[in-house]
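The numbers in our numbering rise by one with no breaks, and the one at position 251 of the sequence shown is 251. Backbone N, C-alpha and C fix where the C-beta goes; we use that ideal spot for every residue, glycine too. Notes follow the structure.
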Amino acid sequence: MHPLRFILLFCLLGAVSLGAQTLDYGQGQLIVQLRSDVDAKTWAYRQPEVTAWRRLGTTVNSLLVNFDWTRYAESTLRDRYSHDPAVISAQLNHRLSMRLRRPDDPRYPQQWQHRNTGQAGGTAGADYNLEQAWDITTGGVTANGDTIVVASIDNGIDFDHEDLQQNIWVNRDEIPNNGIDDDRNGYVDDRFGWNTALESKDIEGGGGDHGTPVMGQIGAVGNNGIGVTGVNWRVKVMSVTNNFDPLESEVIQAYSYALEARQRYDATGGREGAYVVATNASWGRDRAFPSDSPIWCAIYDSLGHHGILNVAAVPNSDIDVDEVGDLPALCTSEYLVVVTSLGMNNNKVKDAARGALSVDLAAYGEGVYTTVLGNGYGPVYGTSFAAPAVTGTLGLLYSAPCPSFAELLRSDPAAAARYVRDLLYGNLRPQSALRGITVTGGSLDAGAALTALMAGCGSCAPPTSFTITAPDDASSDLLLSWNSVASVTRTVLRYRPVGSATWTEVAEVVSPYRLTGLPSCTPYELQLRADCNGNRSALTDIREVETPGCCRIPEDFRLRALSGGRIEAAWSPLLTAHTYTLRYRNVGGEWTEFTTPDPQVEVSDLRNCRDYEFQVRTDCAAQSTAFSGRLVQKTLGCGVCLDISYCSPPVYRNEQEWIAEVHIPGILNHASERGTGAYTNFGDLTEAAMVPGGVYPVRLLPGFRSSSFTEDFHLYVDWNQDGIFAAEELVLQQSAAPGQSATGVITVPGEARTGLTRMRLIMQFSAVNTEPCLTGSGQRPGGEVEDYCLDVTPARGCPPPDSVAALYDEPNNSTTLSWGASAAPGGKYVLRYRERTASDYTERKVEGISATIRNVDLCSSYEVQIASECDGAAGSFRTIYFGDDCVSDPPQVLTDHGWSVHPNPATGFTTVDWPADWTVLSVELYGADGRRVLASPVPSTASELRLPVRNLVPGVYFVRLTVSDGSRGSRRLLVW
Numbered sequence: 001m002h003p004l005r006f007i008l009l010f011c012l013l014g015a016v017s018l019g020a021q022t023l024d025y026g027q028g029q030l031i032v033q034l035r036s037d038v039d040a041k042t043w044a045y046r047q048p049e050v051t052a053w054r055r056l057g058t059t060v061n062s063l064l065v066n067f068d069w070t071r072y073a074e075s076t077l078r079d080r081y082s083h084d085p086a087v088i089s090a091q092l093n094h095r096l097s098m099r100l101r102r103p104d105d106p107r108y109p110q111q112w113q114h115r116n117t118g119q120a121g122g123t124a125g126a127d128y129n130l131e132q133a134w135d136i137t138t139g140g141v142t143a144n145g146d147t148i149v150v151a152s153i154d155n156g157i158d159f160d161h162e163d164l165q166q167n168i169w170v171n172r173d174e175i176p177n178n179g180i181d182d183d184r185n186g187y188v189d190d191r192f193g194w195n196t197a198l199e200s201k202d203i204e205g206g207g208g209d210h211g212t213p214v215m216g217q218i219g220a221v222g223n224n225g226i227g228v229t230g231v232n233w234r235v236k237v238m239s240v241t242n243n244f245d246p247l248e249s250e251v252i253q254a255y256s257y258a259l260e261a262r263q264r265y266d267a268t269g270g271r272e273g274a275y276v277v278a279t280n281a282s283w284g285r286d287r288a289f290p291s292d293s294p295i296w297c298a299i300y301d302s303l304g305h306h307g308i309l310n311v312a313a314v315p316n317s318d319i320d321v322d323e324v325g326d327l328p329a330l331c332t333s334e335y336l337v338v339v340t341s342l343g344m345n346n347n348k349v350k351d352a353a354r355g356a357l358s359v360d361l362a363a364y365g366e367g368v369y370t371t372v373l374g375n376g377y378g379p380v381y382g383t384s385f386a387a388p389a390v391t392g393t394l395g396l397l398y399s400a401p402c403p404s405f406a407e408l409l410r411s412d413p414a415a416a417a418r419y420v421r422d423l424l425y426g427n428l429r430p431q432s433a434l435r436g437i438t439v440t441g442g443s444l445d446a447g448a449a450l451t452a453l454m455a456g457c458g459s460c461a462p463p464t465s466f467t468i469t470a471p472d473d474a475s476s477d478l479l480l481s482w483n484s485v486a487s488v489t490r491t492v493l494r495y496r497p498v499g500s501a502t503w504t505e506v507a508e509v510v511s512p513y514r515l516t517g518l519p520s521c522t523p524y525e526l527q528l529r530a531d532c533n534g535n536r537s538a539l540t541d542i543r544e545v546e547t548p549g550c551c552r553i554p555e556d557f558r559l560r561a562l563s564g565g566r567i568e569a570a571w572s573p574l575l576t577a578h579t580y581t582l583r584y585r586n587v588g589g590e591w592t593e594f595t596t597p598d599p600q601v602e603v604s605d606l607r608n609c610r611d612y613e614f615q616v617r618t619d620c621a622a623q624s625t626a627f628s629g630r631l632v633q634k635t636l637g638c639g640v641c642l643d644i645s646y647c648s649p650p651v652y653r654n655e656q657e658w659i660a661e662v663h664i665p666g667i668l669n670h671a672s673e674r675g676t677g678a679y680t681n682f683g684d685l686t687e688a689a690m691v692p693g694g695v696y697p698v699r700l701l702p703g704f705r706s707s708s709f710t711e712d713f714h715l716y717v718d719w720n721q722d723g724i725f726a727a728e729e730l731v732l733q734q735s736a737a738p739g740q741s742a743t744g745v746i747t748v749p750g751e752a753r754t755g756l757t758r759m760r761l762i763m764q765f766s767a768v769n770t771e772p773c774l775t776g777s778g779q780r781p782g783g784e785v786e787d788y789c790l791d792v793t794p795a796r797g798c799p800p801p802d803s804v805a806a807l808y809d810e811p812n813n814s815t816t817l818s819w820g821a822s823a824a825p826g827g828k829y830v831l832r833y834r835e836r837t838a839s840d841y842t843e844r845k846v847e848g849i850s851a852t853i854r855n856v857d858l859c860s861s862y863e864v865q866i867a868s869e870c871d872g873a874a875g876s877f878r879t880i881y882f883g884d885d886c887v888s889d890p891p892q893v894l895t896d897h898g899w900s901v902h903p904n905p906a907t908g909f910t911t912v913d914w915p916a917d918w919t920v921l922s923v924e925l926y927g928a929d930g931r932r933v934l935a936s937p938v939p940s941t942a943s944e945l946r947l948p949v950r951n952l953v954p955g956v957y958f959v960r961l962t963v964s965d966g967s968r969g970s971r972r973l974l975v976w
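Here you go:
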């Protein structure tokens, strides 16, 4: 063969191979969002490389532009467009994957997800508590008479299904099949919805095998004597159809279709469009972060502003989306609800994603029974079928027969959407399987949410969307605005300087209101009161602002690490600020600086497990402040213990016995009550680190409901941090006789990896006969399992223990010295002591962390020294002087009767109180994953402490109280 022909053939084969690859974005396409005042058509015609373009709805002024990708690189055009003043954002048109999973198992005989009596082998009561909800409403319309519409963004529906037809949304302003856009909404013949993939009216174009069961979950017609029922009996479902391989442009267009319908409805007083209250989507982009798709994430706030909540399913994969990324799960809009899947025994489905920062709640998605394609019925599987139950419940809440809620729907749709979301989150059913892997730790309870809504019905509603801004002039006035429901007869403003006890009231204020006569640069508290008929009133939260006139650095500048190499910087907005300048750097590196008008910024593309310095300054009209002091934040991704999921532990019953205390002196001292589900992951509660080669005594104490039994303990530590508890990592197996504790030692291998790693403790009646991971035996012996993190760090020299305590036994005339394990390898110590007036020491070597000295009262004017022994020699000594001040045994666990946490659940604040004769050293707050999120020192004379929880992510937390005698207690706190 001629050499040139061979080269040409090779090139052609290479081209064919490359052409066969599937890109994760639309080649030769970009999504461009323009400023609202820019004419899209004019802008597109001025770009010589644009070969075609089309609008992606009208609300966000976004275009899909096409260009010749053989001549222009996507990165080049994105960079050019991003510097165009007319452009807000430009991004790739990413390709999405459908969250689809088809069933393989036999059909279930009934809809156990609605009312579970155990009929399908599941746990009785593992359902949505819908009968309680249906006693209040079965859907249909709001108390204002608006027909409730839910948009299902999916692959179409079975249009002829007998149990869906009556609930399919119909655009009655559109004459079908005449080829004319009768309602002038930009979509021709969209009588029953729209197909974004085909740009047509064909809502069955995607097949409907997935969208049909989704609609059945949301709103199969109820009480009609046919088939099944949806969560919402009478809701209208708007079908926005795509295929199973949509591009990101279709996401934006699909949401825009639903949003524009709601906007038209509101603008015309309900004559046109549709009263869309929620959207449901089962599509997403794997391993993606919000910085990749800013236009997609931003549209949720646009939807929410018009009163639309949005529900999204997580991937059908056993992954942590916080760690690996996912869209839309990681979008941060308060109008987005992210759902994972539970099985009929309230266990998280294995092939369903999790995320303690991003996944809000769970619903049932494993074998739920509903409508299927072909006018049939059957079980379906996947997160795609958990999400629509949440969406249907949102629609059901909108139909509550509550006049005051109806007023809120009209006066402030965005506030109404937030109120419905809060009702949903605030009335979930706590699930141990979701603790630490979702934001709330709960699953959907429709009955509880509707009951709570009706319980608050009839009361006077406070003003909503209360905002305070500064005028454009040089005055120190404040501009106030708010929304009020129709039943408010008058609104009263009251304000006072911060620290003052006296309010100044202004009656009969009307929004917007200008508050004048205030001194400049002064902090004030403001509050609105709504008065309703019947001597009813309601107050907003107190707002604290500083009047204009000074340029200050924000006082509450704070940082928060997020997954995927991101850090969030936030502060309270200042009225005088025009913009803020934020700068950051890897410690010791070069600063990166940018300016923003927002008081909350997410910095992305940072390295994992690195310390970053941040500073902020305020930019006012005439001047800028200096930069603030430096804050340092470490990014996530530092260790396997908190950043990966270990196998599920064996299943136990702990009604009669549980793990009461785990004590590794100087390292971990934790007492706990019986854990929900007989398993708790406490995360990192360590007080100090272990070192390779270190030897650490451990004491394990069982707890009992009544009489005690013999308990066996097995303790595993993942020393090599591979995420697996191997057989050789069983470090302790010891039994505790009735009424006693089990003791032993943990020896850290010299080759152990440093960093946070997982420890698993298994306790079982009589003898542990299970592996550290869940097995299929189906047996549930008595006992409990707990996980902890241990911190392994390299040894630095041969340091002594931190402290020594002495206890004198008068009858035996002996003194017992005890100490916590030092940060030195070996577990050996050198102890010496002498009277203060003596010149010579008595010395002895000790293996362990205690020694009893007989016939000596070391409490009486003695000097004690202790050192770690390393390589046969003593390191530096620590000296302790005793003079009739021996330490008696402190109680290890505080009783529950002595102290309390209230309110619990809490929203803004919670108060911890204790008896006046206690001296409390500290109050700490830990997340469900064991991360400490708050620590507060306590004044010595205090008997209570108020903890702010307003800025915490809703979910389960633990309050830990430490008393001066060394005793400690923990209580569970639920934050809404």
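Cβ neighbour criterion (16 or more within 10 Å) applied to residue i
i, result
"Ala-455", "exposed"
"His-902", "exposed"
"Gly-307", "buried"
"Gly-121", "exposed"
"Glu-49", "exposed"
Any chain C beta carbon closer than 7 Å to residue i
i, result
"Thr-58", "Going by chain labels, chain C is absent from the structure shown, which holds only one protein chain."
Nearest neighbour of residue i, chosen from the options [CA to CA]
i, options, result
"Glu-162", "Gly-875, Asp-182, His-578 and Gly-222", "Gly-222"
"Val-141", "Gly-517, Val-804 and Val-277", "Val-277"
"Met-215", "Pro-388, Ala-254 and Val-632", "Pro-388"
"Leu-642", "Gly-723, Leu-701 and Ile-295", "Gly-723"
"Ala-726", "Leu-715, Ala-736 and Arg-878", "Leu-715"
"Arg-566", "Arg-585, Tyr-513 and Ser-967", "Arg-585"
"Pro-401", "Ser-936, Thr-595, Ile-136 and Asp-473", "Ile-136"
"Gly-325", "Val-314, Glu-334, Ser-333 and Tyr-335", "Val-314"
"Pro-702", "Ala-736, Gly-683, Met-690 and Gly-376", "Ala-736"
"Ser-604", "Pro-597, Thr-592 and Asp-598", "Thr-592"
"Gln-740", "Ile-762, Leu-198 and Ala-660", "Ala-660"
"Arg-653", "Val-632, Arg-35, Met-763 and Ser-970", "Met-763"
"Gly-205", "Ile-853, Asn-155, Arg-610 and Pro-213", "Asn-155"
"Val-498", "Asp-531, Leu-478 and Val-545", "Val-545"
"Val-541", "Ala-577, Ser-500 and Thr-464", "This sequence places Asp at residue 541; Val is not what is there. Asp-541 has its Cα closest to that of Thr-464, out of Ala-577, Ser-500 and Thr-464."
"Glu-843", "Ala-874, Ser-964, Gly-458 and Ser-970", "Ala-874"
Whole-number beta carbon distance between residue j and residue i, since they are thought to touch under 8 Å
i, j, result
"Ser-341", "Ala-356", "16 Å between Cβ atoms; not a contact."
"Ile-252", "Ile-299", "6 Å"
"Gly-284", "Pro-328", "6 Å"
Cβ shell of residue i (< 7 Å), same chain only, five flanking positions each side left out
i, result
"Tyr-272", "It should be pointed out that residue 272 corresponds to Glu in this sequence rather than to Tyr. Answer for Glu-272: Asp-173, Asp-183, Arg-264 and Tyr-265, listed in chain order."
"Asn-232", "Gly-139, Ile-218, Gly-219, Gly-392, Gly-395 and Leu-396"
Sequence-distant residues of its chain with Cβ nearer than 6 Å to residue i (five each side left out)
i, result
"Leu-679", "According to the sequence displayed, residue 679 carries Tyr and not Leu. Cβ within range, chain order: Pro-649 and Val-785."
"Val-240", "Ala-151, Ile-153, Gly-193, Trp-194, Ala-254 and Tyr-257"
"Val-38", "Ala-86"
"Asp-202", "Asn-195"
Proximity test, residue i beta-carbon vs the ligand ADP heavy atom, cut-off 6 Å
i, result
"Thr-770", "Ligands in the displayed structure: none, and consequently the ligand ADP is not present."
Close beta carbons around residue i, own chain, < 8 Å, minus the five adjacent residues each side
i, result
"Tyr-841", "Arg-832, Tyr-833, Arg-834 and Gln-865"
Exercise. Is the stretch 554-569 close to the stretch 614-622, with three or more CB pairs under 8 Å?
Worked result: yes
Exercise. Would the stretch 413-429 and the stretch 486-500 be scored as touching if the rule is three or more Cβ pairs under 8 Å?
Worked result: no
Exercise. How do the stretch 128-138 and the stretch 281-289 stand: do at least 3 beta-carbon pairs fall below 8 Å, yes or no?
Worked result: no
For this session: Tell me, please, whether the stretch 875-882 touches the stretch 803-819 by the rule of three or more beta-carbon pairs shorter than 8 Å.
Result: yes
Problem set entry | Touching by the beta-carbon criterion (3+ pairs, under 8 Å), the stretch 424-434 and the stretch 468-487 | no
For this session: Check whether the stretch 763-779 touches the stretch 672-687, counting contact only when three or more Cβ pairs, one atom from each stretch, lie closer than 8 Å.
Result: no
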